[in-house]
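For the sequence shown, numbering that gives the first Met the number 0 assigns the number 0 to the initial residue and increments by one for each residue that follows. Here a beta-carbon is modelled for each residue, glycine too, at the ideal position from N, C-alpha and C. Here is the structure we will look at, set down as structure tokens.
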Amino acid sequence: MDADIKAKYASLFGMDRPTTVKGCDHPGCADAGLYKAPKSRATLYDYYWFCLDHVRAYNQAWDFYAGMNTSEIEQAIKFDTVWQRETWPMGGNWQQREEEMRHKMRAEFFGDGMHARAPYEAPPPSATRPPPHIIEALAVLELEADASVEEMKTQYKKLVKRHHPDANGGSRAAEDKIKIINQAFTALKTHFAMVGEQG
Numbered sequence: 000m001d002a003d004i005k006a007k008y009a010s011l012f013g014m015d016r017p018t019t020v021k022g023c024d025h026p027g028c029a030d031a032g033l034y035k036a037p038k039s040r041a042t043l044y045d046y047y048w049f050c051l052d053h054v055r056a057y058n059q060a061w062d063f064y065a066g067m068n069t070s071e072i073e074q075a076i077k078f079d080t081v082w083q084r085e086t087w088p089m090g091g092n093w094q095q096r097e098e099e100m101r102h103k104m105r106a107e108f109f110g111d112g113m114h115a116r117a118p119y120e121a122p123p124p125s126a127t128r129p130p131p132h133i134i135e136a137l138a139v140l141e142l143e144a145d146a147s148v149e150e151m152k153t154q155y156k157k158l159v160k161r162h163h164p165d166a167n168g169g170s171r172a173a174e175d176k177i178k179i180i181n182q183a184f185t186a187l188k189t190h191f192a193m194v195g196e197q198g
């Protein structure tokens with residue numbers, strides 16, 4: 000029964016067809032060409048068929064980068080590392096790039112007076128709101144959102160003097176208040192140090 004099934008499916012999948020073996024493409028060689036090798040860098044899917052000895056010799060002499068200068072070789076290697084696909088830089092200010100894209104799309108589809116293909120302008124830096132914990136820290140130090148670092152330091156020193164436990168007779172409330180002031184100032188220092196590194 001197994002032989003009947005094999006015979007039935009062999010004919011369906013072409014397994015019963017005789018296979019032809021091509022001869023070696025090396026001039027003067029009569030051996031079977033069982034091993035393929037690309038003909039050139041430009042036609043990697045067009046092959047020579049060689050016997051084992053001649054494919055080894057061909058592969059040893061093969062130089063994919065033959066005829067290319069150093070910069071062309073580096074470019075080819077770089078392109079191969081991303082599977083011959085276009086790439087774009089990652090990171091950076093993706094929100095701004097997204098807004099630019101949205102602006103271009105609005106201008107393309109709604110080219111009216113409101114979105115009339117004007118060049119994209121990023122919002123001014125002052126228009127960005129600080130994170131909520133920074134707004135709270137500014138409130139603790141009794142400062143506005145646009146306060147400079149020097150104003151923060153001055154206000155911090157003033158509040159520390161005013162609420163220091165020694166100036167308030169060792170009051171527990173003053174001690175708690177000074178802890179809150181110190182935490183707020185530390186949060187502001189950390190935030191503005193990070194913003195300074197990014198900007």
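Per-residue DSSP class, three states only, for residue i
| i | result |
| --- | --- |
| Ala-41 | coil |
| Tyr-47 | strand |
| Lys-21 | coil |
| Ala-138 | helix |
| Ala-166 | helix |
| Pro-131 | helix |
| Met-151 | helix |
| Asn-58 | helix |
| Gln-83 | coil |
| Glu-143 | coil |
| Phe-191 | helix |
Sub-8 Å separation of residue i and residue j beta-carbons
| i | j | result |
| --- | --- | --- |
| Tyr-57 | Trp-48 | no |
| Ile-180 | Val-148 | no |
| Phe-63 | Arg-40 | yes |
| Ala-36 | Tyr-44 | no |
| Phe-184 | Leu-142 | no |
Identified DSSP bridge partners for residue i
| i | result |
| --- | --- |
| Lys-103 | Beta-bridge pairing links Lys-103 to no other residue. |
| Lys-199 | An answer regarding residue 199 cannot be provided, because it is not within the stretch 0 to 198 covered by the chain. |
Chain-order list of residues whose beta-carbon lies under 7 Å from that of residue i (same chain, five-residue window excluded)
| i | result |
| --- | --- |
| Ala-186 | His-132, Ile-133 and Ala-136 |
| His-162 | Ala-173, Lys-176, Ile-177 and Ile-180 |
8 Å CB neighbourhood of residue i in its chain, flanking five on each side removed
| i | result |
| --- | --- |
| Cys-50 | Cys-23, His-25, Cys-28, Asp-30, Ala-31, Gly-32, Leu-33 and Tyr-34 |
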